[in-house]
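Notes for the one structure printed next.
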Amino acid sequence: MPVSGVGQGSGRRDSRFSPLHAATTGPGAGREGPGPPGGAANAARIEGTTEAFNCLACHSRNKRGGVERPRNALFATTIKEMGDEGRIPPLLDGVGDKLNDNWIKHVLDNGANDRPYMLTRMPKFGTANVGHLVKDFATADRTRKPVPLAITDRIHRVRSAGRFLSGDKALACIKCHFFGGHKATGIQSLGLLTMTRRLRKDWFVRYMLDPQAYRPGTRMPAGWPRGQTLLPDVLDGEAKHQIASVWEYLLDGGKAGLPRGLIRNPIELEPRDEPIIYRNFITGVSPRGIAVGYPEKANLAFDADQLALRLIWHNAFIDAAKHWNGRGQGFQPPLGDHLVTLPGGVPFASLETLETNWPTDAARKQGYRFRGYRIDKKRRPVFRYRFGNIQVEDDPQPVKTDKDPKLVRSLKLERAGAVGKPLWYRAAASPTIVKQKDGTFLVGKILNISIQQDGGNPPTLRKRGNQWELLVPVRWKDNTATIVHTYTW
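Here's what the structure looks like:
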């Protein structure tokens, strides 16, 4: 990932990059401008303001200014292995192309401390003094058309690809860049989670394609040399799509799953011949969560408090190191990919009409009681609970496919007597639910749900507040009812 500020490049190495010049020191400290400015008036204001506020005492722009030789030794770093990139403030060449408007404003108002290893600190200048630079930098430096990108894969798969690329089994970004509160495994360069807050996506894609074209001598390796990928099986081997997937992954911020290899000494639980049932604190589930990992690489977390299936994901199951070391405190997120959150709240409700809101009281207050789970012949858990005079068995089963496995979930109900009001099952709740031509339902642009039920009325879509709900009427036959639905994601 980028380590220091650079400007707009043409994708070729030429005289616009100068390792040294008379007034500066350090590789890449000076560089010619990015060609004709986007606005002459803007460029003139930039030149006048950077001189008036002495910005050029630390920064260089268009081969002007930069650290003077007598003061060079005063610019220090806590990570000497980073060389001048770790101690010399970044260039202002093309900074309006590189940084987004909000971040430029933030830095001008508050200074910059996103490079903790750089001991020189930028002062706060304030909007009243230099606020015009936000527009001036943008107008002067953004002279390129955006890189066209058209990724057709669903966003959760794109982000999973970005997570993989960032980890130790691919491009190993985590060897040099820390991730949130987690240190990198090598030097501690700019945090990965700062990238989407600071940078413009278009610049990020161009930079990643050829870091040396933007900053000769940078330690940043070329992950896509000459625009070619080293991982042809990821996102059809398209370099720009792979870079965009890293961006989309980092957009998740603190919610993004940790890149593989970042946690030292993990205790990964890997289901092989039979499922693993893990009863502990799972992120996204109440403290009564029950996670199940299957050899088929489809996993889930059931909430015994809400009596609901809350999480499903693919591939790796869970890292138990947090719970099996020390005092074992805290919630642990799933380890794998394609994590989907299913609706909380009780799964069944009797509604007067379809205009009646779904009940929001706690499950126990509504009469729900968890009755544990039984183990089938393949040692897969079948969750059991009751409410009123109705017993329910929730039986999720992983099924292998040509791609990722799916989950076929069967809900079997048995009643001890008549039920008054019509009973409904809420299969999904999301800001978007769209019925597809094949009769399935696309939930949140991520999850496909197909529902099978013997006869009766079809599922109903309704909008309540800012979200859609997919409701399935319970059809009784001899005091039993079955709803089977398949999750594909």
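Our numbering numbers the first residue of the sequence shown as 192 and each following residue consecutively.
We treat Cβ as the ideally placed atom computed from N, Cα and C, and that holds for glycine.
The C-beta distance from PHE508 to PRO457 rounds to 12 angstroms, too long to meet the 8 angstroms contact threshold. By the criterion of a C-beta distance shorter than 6 angstroms, VAL599 is surrounded in its chain by GLN588, VAL590, THR677, once the five residues flanking it on both sides are discounted. Per the Cβ contact rule, the region 282 to 294 is not in contact with the region 306 to 319 (fewer than 3 Cβ pairs under 8 angstroms).
Taking a C-beta distance under 8 angstroms as the contact criterion, PRO650 and VAL663 qualify as a contact pair. Per DSSP, LYS431 lies in no beta strand (DSSP E) segment; the continuous alpha helix (DSSP H) that holds it begins and ends at 430 to 442.
Rounded to the nearest whole angstrom, the C-alpha separation of HIS514 and TYR559 is 29 angstroms.
Closest in alpha carbon position to LYS636, among PHE370, LYS626, GLN644, GLN643, is LYS626.
Counting only runs of 3+ residues, the beta strand (DSSP E) found wholly inside the region 621 to 658 occupies 624 to 626, 632 to 634, 638 to 643, 651 to 655, in chain order. Rounded to whole angstroms, GLU584 and GLY647 show a C-alpha spacing of 21 angstroms.
Just so you know, the alpha carbons of GLY517 and ASP510 end up roughly 15 angstroms apart.
Inter-segment contact for the region 318 to 328 and the region 294 to 304 is present: three or more beta-carbon pairs are separated by less than 8 angstroms. Unbroken beta strand (DSSP E) runs of no fewer than 3 residues, entirely contained in the region 566 to 604, are found at 572 to 578, 581 to 590, following chain order.
Assigned with DSSP and collapsed to three states, TRP515 falls in helix. At a Cβ-Cβ threshold of 8 angstroms, PRO450 and PHE370 count as neighbours. In the structure shown, the three-state DSSP call for ASN490 is strand. Under the DSSP assignment, HIS323 falls outside any beta strand (DSSP E); it carries neither an H nor an E label. Between ARG236 and the set ASP595, GLN523, LEU310, GLY322, the nearest pair of CA atoms involves GLY322.
Annotated three-state conformation of LEU299 is helix, per DSSP.
With a beta-carbon spacing of about 4 angstroms, TRP504 and LEU530 fall inside the 8 angstroms limit used to define contacts. A straight-line Cα-Cα distance of about 38 angstroms links VAL537 and GLY358.
Residue burial annotation: ASN657 is exposed, with fewer than 16 other C-beta atoms found within 10 angstroms of its C-beta. HIS432 places its beta carbon less than 8 angstroms from that of ILE342. Within the same chain, ASP393 come within 6 angstroms of PRO337 by CB-CB distance, once the 5 residues on both sides are set aside. Counting along the chain, no beta strand (DSSP E) covers THR343, and no H or E run does either. The Cβ atoms of SER601 and THR671 lie no closer than 8 angstroms to each other.
Residues of the same chain with a CB within less than 7 angstroms of the CB of GLY521, apart from the 5 flanking positions on each side, are PHE472, LYS513 in chain order. A Cβ-Cβ separation of about 6 angstroms places LEU290 in contact with ARG389 under the 8 angstroms criterion. Distance from the Cα of THR334 is smallest, within the candidate group ALA234, THR268, GLY428, for ALA234.
Taking all protein chains shown into account, ALA499 has 16 or more neighbouring C-beta atoms within 10 Å of its C-beta and is therefore buried. According to DSSP, ASP528 shares a beta bridge with HIS505. Taking a contact as a CB-CB distance under 8 angstroms, the pair LYS366 and GLY377 counts as one, their CB atoms being some 4 angstroms apart. Annotation for TYR469: the continuous beta strand (DSSP E) segment containing it runs 467 to 470. Just so you know, the alpha carbons of ASN580 and GLY611 end up roughly 11 angstroms apart. A residue is called buried once 16 or more other Cβ atoms fall within 10 Å of its Cβ, and ALA495 is buried on that count. DSSP, reduced to helix, strand and coil, places ILE378 outside both helices and strands of the structure shown, so it counts as coil. Contact between ILE295 and PHE328 holds: their C-beta atoms lie close to 6 angstroms from each other, under 8 angstroms.
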